[in-house]
Amino acid sequence: MAKIELNGVRKTFDQTAILKGIDLTIEDGEFIALIGPSGCGKSTLLRIIAGLEPQSSGEVRIDGVQVDGVRPSARNLAMVFQSYALYPHLSVFDNIAVPLRMRRHSALARMPLIGRLHPERGRTERGIREDVERVAAQLELAALLKRKPGQLSGGQRQRVAVGRAIVRQPVGFLFDEPLSNLDAKLRVHMRAELAQLHRQLKATFVYVTHDQAEAMTMSSRIAVMIEGNIVQIGTPAEVYENPRDIRVAEFVGSPKINAMPGVIREDRGLEVLGRQLRLNTTAAAGRCTVCVRPERMELGPGPGAIAGIVTHLEHLGAEAFIHVKVDRIDLPLLARVSPDQQLPEIGSAIQLGFSASAVRAFDATGKRIDVTAPARSERVREKALG
Amino acid sequence: MTPRHRSIVWSFTRHSLLLCGAAFILLPFLWMISTASKPQTEIFTKSIHFIPHSFALWDNFATAFGKANLWRFLVNGVVVTVSIFLLQVLIALPAAYALAKLRFAGREVLFALVLFCILIPPQATAIPVFLLFHKLGILDSYAALIVPFTISAFGIFLMRQFFKTVPDDLIEAARMDGISEFGIVWRVMLPTAIPALTAFGIFSVVAHWNDYFWPLIVLNSEHLRTPPLGVASFRNEEAGTNYGPLMAAAIVIIAPLVVAFLLAQRRFIEGITLTGIK
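In order, the protein sequence lines correspond to chains A and B.
Numbering-wise, the working numbering comes out as the position in the first sequence, counting from 1, plus 1.
Numbering-wise, the working numbering comes out as the position in the second sequence, counting from 1, plus 711.
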């Protein structure tokens with residue numbers, strides 16, 4: 002089992018900075034998800050941990066040992082690739098056996114033809130067979146051992162790739178978007194299986210994905226990467242509820258968080274769309290952005306409610322989203338509502354509000370600013386607007 | 712004209728054009744078989760006839776095998792072409808892998824040089840190579856027939872283009888599994904490249920089995936002759952060329968190629984379909 006530490010890891014490709022100084026400590030046995038929009042450098046970071054790509058500067062430590070310049074196979078990490086990367090000419094059994102054969106056989110015993118004459122080979126090969134069959138049984142692949150990867154479904158291939166990773170009992174696992182080639186239903190199923198596998202193996206998992214649902218459901222911590230930096234690290238709930246940066250707020254959560262232009266007044270009061278909020282801040286006066294999650298938006302009139310026109314309705318069965326066009330904002334505001342209530346007509350006028358506790362405010366540079374409700378407010382659940 | 716008529720006319724023209732093309736290519740072969748089946752007296756006649764009046768194919772084969780050591784020529788041909796192909800693969804695969812998948816300074820320049828080498832005709836280097844082999848004292852040997860062709864720029868180019876299409880993930884998975892770079896070439900790249908290798912094999916074997924120019928220059932000994940040189944030994948300027956046995960010998964030496972091509976063609980097409988599905 003392994004603790005993985007990254008200190009000031011930078012990577013540049015032809016003068017383009019991909020990673021701009023990553024500091025990250027991944028605890029032993031942790032399931033950490035690296036998420037971020039495509040091109041944010043998360044896959045590059047994973048490949049640097051794996052040793053497939055050298056970093057431009059900074060260091061990687063595994064269990065306290067610096068591994069720069071150590072070959073990928075010697076780092077004792079296993080990786081599961083997005084495309085599974087199974088050897089197309091080998092059977093499932095041989096695919097899973099490759100890492101064991103490369104480790105346990107001597108170079109001579111691996112030679113084609115003459116390797117068979119090697120005295121140790123038979124005994125080692127029996128050990129390999131036992132291990133492969135144990136892993137195959139664990140992943141329900143026992144019936145497929147003789148097939149070639151071309152004859153397997155996407156989910157089965159994925160399991161073979163996992164099998165090849167776990168068979169040699171590495172200290173850590175690296176996953177590079179392993180579920181993105183599966184259909185939606187299978188993805189949900191594999192999500193549960195991977196989380197189960199983590200509980201079973203108790204090894205360190207580093208999981209790269211752009212799918213926040215995967216990150217939220219499986220990981221113990223999420224690291225949000227944007228433009229080559231880790232912007233926030235925390236538990237899924239923390240990252241969702243308490244984004245430290247507007248880019249995190251906008252990336253995490255689907256549909257996207259509602260962002261409204263606001264102003265911090267000289268008297269520390271907060272205004273949004275020209276309406277005063279019953280919130281104070283310690284931040285300096287100036288422009289800011291006020292964000293509210295769609296599920297925290299409330300329909301109906303109230304003091305200071307925002308008026309708009311319904312432009313689109315999305316009825317998803319268990320929930321419904323109402324898109325509301327509001328003056329002075331380009332993107333429509335979204336409200337998530339329960340579908341049992343009467344949904345408004347498209348084109349009809351509607352009013353939106355939200356409570357003070359739903360507000361997440363960010364300054365002009367995108368950093369989170371703390372807001373507090375004035376002490377005089379004593380109502381349990383008070384409208385922020387009004 | 713209705714569209715139906717038009718399609719019939721077009722189909723007719725198309726097929727006649729194809730038939731003309733096929734006839735143009737197949738006629739020399741038919742003529743070879745026909746001549747090989749005729750006795751000497753029937754070959755030079757005023758009228759053209761394909762079917763011989765008296766069937767002399769077996770006699771001509773017997774004469775051909777009696778007059779020259781055809782088996783020896785065939786064995787020479789196999790030794791030379793197979794050695795050339797194996798050595799070409801041994802050199803082209805690692806080179807192509809490096810050019811396609813490894814990052815190093817000067818890679819593009821090296822690849823441009825490989826492309827440039829394809830442009831050099833073998834005749835241009837024939838005399839320098841001949842002089843070099845003379846100095847080394849290896850003229851008139853199997854080595855002289857094989858060594859000049861072991862590095863195939865075309866082979867490197869072809870395999871490099873194919874390796875470009877192999878996903879990087881596969882190579883990185885192999886590295887994670889602990890396979891060395893040379894191991895990747897032989898254990899991972901070679902098996903995925905079988906279709907491209909088959910195509911290259913066809914080009915290589917056909918070219919060197921049929922090569923007349925280079926063996927003619929470097930060989931003196933009769934026992935080293937490759938099949939095309941062997942056939943040429945039937946030409947006799949004083950006594951007149953004996954065409955019946957010559958054509959029979961020609962049939963014998965092209966037969967392995969035709970059979971090999973028909974067998975390989977199936978794999979070849981299978982290979983192309985396989986890569987298409989991927």
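Note that the Cβ used here is the ideal one computed from N, Cα and C, for glycine as well.
In this text the structure is predicted, and so the values were computed from the model without any measurement.
| query | If ALA350(A) sits next to ALA308(A), beta carbons under 8 Å apart, how far is it from one beta carbon to the other, in whole angstroms? | reply | Locating residue 350(A) in the first sequence gives position 349, counting from the first residue. Locating residue 308(A) in the first sequence gives position 307, counting from the first residue. That belief holds up - the Cβ atoms of ALA350(A) and ALA308(A) are roughly 6 Å apart, short of 8 Å.
| Going along the chain, which residues of its own chain have a beta-carbon closer than 6 Å to the beta-carbon of VAL929(B), five neighbours each way excluded? | Sequence index remark: in the second sequence, residue 929(B) carries index 218 (1-based). Within its own chain, the residues whose Cβ lies closer than 6 Å to the Cβ of VAL929(B), once the five positions on either side in sequence are excluded, are LEU850, ALA855, listed in chain order.
| said: Against chain A, does ILE988(B) count as a neighbour if the rule is that its beta carbon must be under 9 Å from one of theirs? | reply: If you number the second sequence from 1, residue 988(B) lands on position 277. Per-residue confidence for ILE988(B) stands at a pLDDT of 41, beneath the threshold of 50, marking its modelled position as unreliable; the derived number appears in the next sentence. It does; some Cβ of chain A falls within 9 Å.
| request: Give the C-beta separation of PHE945(B) and LEU957(B) to the nearest angstrom, bearing in mind that I take them to be a contact with Cβ-Cβ under 8 Å. | output: Against the second sequence, residue 945(B) aligns to sequence position 234. Against the second sequence, residue 957(B) aligns to sequence position 246. Taking the Cβ atoms as the reference, PHE945(B) lies roughly 4 Å from LEU957(B), within the contact range of under 8 Å.
| task | With 9 Å as the threshold, decide whether the Cβ of MET103(A) is near any Cβ in chain B. | result | Your numbering for residue 103(A) matches position 102 in the first sequence. True, the Cβ-Cβ gap to chain B drops below 9 Å.
| said: Looking only at its chain, what residues have a beta carbon closer than 7 Å to the beta carbon of ILE988(B), apart from the 5 residues adjacent to it on each side? | reply: By one-based count along the second sequence, residue 988(B) stands at place 277. Per-residue confidence for ILE988(B) stands at a pLDDT of 41, beneath the threshold of 50, marking its modelled position as unreliable; no derived number is given.
| Cα-Cα, which of ILE962(B), SER932(B), ILE964(B), ILE965(B) is closest to SER852(B)? | Along the second sequence, read from residue 1 onward, the residue named residue 852(B) stands at position 141. The candidate whose alpha carbon is nearest that of SER852(B) is SER932(B).
| First through last residue of the beta strand (DSSP E) which encompasses CYS289(A) | Locating residue 289(A) in the first sequence gives position 288, counting from the first residue. 287-293 is the extent of the beta strand (DSSP E) around CYS289(A).
| query | Looking at the structure shown, is LEU985(B) part of a helix, part of a strand, or coil, going by DSSP? | reply | Translated into positions along the second sequence, residue 985(B) becomes position 274. Summary for LEU985(B): the model assigns pLDDT 48, below 50, so the residue's position carries little reliability; its value from the coordinates is reported in the next sentence. DSSP places LEU985(B) in helix when its eight states are reduced to three.
| field | Reduced DSSP secondary structure (H/G/I, E/B, other) of GLY303(A) | value | Taking the first residue of the first sequence as position 1, residue 303(A) is located at position 302. Note: GLY303(A) maps to coil in three-state DSSP.
| query | Exposed or buried, ILE50(A), counting other C-beta atoms within 10 Å across all chains shown (16 or more means buried)? | reply | To locate residue 50(A), count along the first sequence from 1; it is residue 49. Residue environment analysis places ILE50(A) among the buried positions, since at least 16 neighbouring C-beta atoms fall within 10 angstroms of its C-beta.
| If we call anything under 9 Å between Cβ atoms a contact, is ILE857(B) one with LEU798(B)? | Looking up residue 857(B) in the second sequence gives position 146. Looking up residue 798(B) in the second sequence gives position 87. Here ILE857(B) is near LEU798(B), since their CB atoms are less than 9 Å apart.
| task | Check distances from the C-beta atoms of the stretch 53-80 of chain A to those of chain B and list, in chain order, the residues that come in under 7 Å. | result | Those would be LEU53, PRO73, SER74, ALA79, MET80, in chain order.
| query | Can you find at least 3 beta carbon pairs, one from the stretch 61-81 of chain A and one from the stretch 156-167 of chain A, that sit closer than 8 Å? | reply | Yes: the two stretches touch, three or more of their Cβ pairs being nearer than 8 Å.
| Looking only at its own chain, which residues have a Cβ that is under 6 Å from the Cβ of VAL253(A), when we skip the five neighbours before and after it? | Here residue 253(A) refers to the residue found at position 252 of the first sequence. Taking VAL253(A) as the centre and dropping the five residues before and after it, the same chain places the C-beta of GLN213, VAL240, TYR241 closer than 6 Å to its C-beta, in chain order.
| message | Contact criterion: CB-CB distance below 9 Å. Does ALA86(A) meet it with respect to chain B? | response | On the first sequence, position 85 is the one that residue 86(A) refers to. Judged by the 9 Å Cβ criterion, ALA86(A) is in contact with chain B.
| field | Per-residue DSSP class, three states only, for PRO859(B) | value | The sequence position of residue 859(B) within the second sequence is 148, counting from 1. Under the three-state reduction of DSSP, PRO859(B) is assigned to helix.
| query | Roughly how many whole angstroms lie between the Cα atoms of VAL942(B) and GLU121(A)? | reply | Translated into positions along the second sequence, residue 942(B) becomes position 231. Translated into positions along the first sequence, residue 121(A) becomes position 120. Their Cα atoms are separated by approximately 54 Å.
| Option in ASP15(A), GLN16(A), THR26(A), ALA3(A) with minimal Cα separation from GLY9(A) | In the first sequence, counting from the first residue as 1, residue 9(A) sits at position 8. For GLY9(A), the closest C-alpha among the options ASP15(A), GLN16(A), THR26(A), ALA3(A) is that of THR26(A).
| request: Measuring alpha carbon to alpha carbon, tell me which of THR210(A), VAL293(A), ASP64(A) ends up nearest ARG41(A). | output: Counting from 1 along the first sequence, the entry for residue 41(A) is found at position 40. Before going on, a small fix: residue 41(A) reads as Cys here, not Arg. With distances taken between Cα atoms, CYS41(A) lies closest to THR210(A).
| Chain-ordered neighbours of PHE82(A) on chain B, where CB pairs are closer than 8 Å | Counted from its first residue, the first sequence places residue 82(A) at position 81. Proximity of chain B to PHE82(A) at the Cβ level (cut-off 8 Å) is accounted for by ASP880, GLU883, ALA884, in chain order.
| field | Beta bridge counterpart(s) of MET298(A) as assigned by DSSP | value | Reading the first sequence from its first residue, position 297 is the one you call residue 298(A). Secondary-structure assignment with DSSP links MET298(A) through a beta bridge to PHE355(A).
| request: To the nearest angstrom, report how far apart SER378(A) and ALA286(A) are at their CA atoms. | output: Taking the first sequence and counting its residues from 1, the one referred to as residue 378(A) is at position 377. Taking the first sequence and counting its residues from 1, the one referred to as residue 286(A) is at position 285. No answer about SER378(A) holds up, because its pLDDT of 47 lies below 50 and its placement is not dependable.
| request: Going by DSSP, name the residue or residues bridged to PHE873(B). | output: Counting from one through the second sequence, the residue named residue 873(B) turns up at place 162. PHE873(B) is not bridged to any residue.
| task | Name, in chain order, the residues that DSSP records as bridge partners for ASP364(A). | result | If you number the first sequence from 1, residue 364(A) lands on position 363. Answer by DSSP bridge pairing, in chain order: CYS289(A).
| chain A within 9 Å of ASP851(B), Cβ atoms only | Walking along the second sequence from the start, residue 851(B) turns up at place 140. Taking Cβ atoms only, chain A never reaches closer than 9 Å to ASP851(B), which makes this a no.
| field | LYS147(A) versus LEU101(A) - alpha carbon distance | value | As a first step, residue 147(A) is located in the first sequence; it is residue number 146 there, counting from the start. As a first step, residue 101(A) is located in the first sequence; it is residue number 100 there, counting from the start. Near 18 Å, if we compare the C-alpha coordinates of LEU101(A) and LYS147(A).
| Shorter than 9 Å from the beta carbon of ARG148(A) to some beta carbon of chain B? | The residue you call residue 148(A) lines up with position 147 of the first sequence. So no, ARG148(A) is outside the interface.
| field | chain A within 9 Å of ILE890(B), Cβ atoms only | value | As a first step, residue 890(B) must be located in the second sequence, where it is residue number 179. When Cβ-Cβ separations below 9 Å define contact, ILE890(B) makes contact with chain A.
| Just the Cα atoms here: how many angstroms apart are LEU810(B) and GLY70(A)? | Here residue 810(B) refers to the residue found at position 99 of the second sequence. Here residue 70(A) refers to the residue found at position 69 of the first sequence. The alpha-carbon separation between LEU810(B) and GLY70(A) amounts to approximately 23 Å.
| said: Buried or exposed for ARG130(A), going by 16 or more other Cβ atoms inside 10 Å? | reply: Position 129 of the first sequence, counted from the first residue, corresponds to residue 130(A). ARG130(A) comes out exposed.
| query | How close, in whole Å, do the beta carbons of ALA34(A) and MET219(A) come, if the pair is a contact with beta carbons under 8 Å? | reply | The sequence position of residue 34(A) within the first sequence is 33, counting from 1. The sequence position of residue 219(A) within the first sequence is 218, counting from 1. Contact holds; Cβ gap of about 7 Å.
| task | Kindly list, in the order they appear in chain B, the residues whose Cβ is closer than 7 Å to that of ALA51(A). | result | Taking the first residue of the first sequence as 1, we reach residue 51(A) at position 50. By Cβ distance, chain B contributes MET887.
| Which stretch, first to last residue, makes up the alpha helix (DSSP H) that contains ASP880(B)? | Walking along the second sequence from the start, residue 880(B) turns up at place 169. First-last of the alpha helix (DSSP H) with ASP880(B): 879-887.
| said: So the candidates are VAL161(A), ALA362(A), ASP64(A); which of them puts its Cα closest to the Cα of GLY270(A)? | reply: The count along the first sequence starts at 1 and reaches residue 270(A) at position 269. Looking only at VAL161(A), ALA362(A), ASP64(A), the smallest Cα-Cα distance to GLY270(A) is reached by ALA362(A).
| query | By how many angstroms is the C-alpha of SER44(A) removed from the C-alpha of LEU335(A)? | reply | Working through the first sequence from its first residue, we reach residue 335(A) at position 334. Working through the first sequence from its first residue, we reach residue 44(A) at position 43. So the alpha carbons of these two residues sit roughly 32 Å apart.
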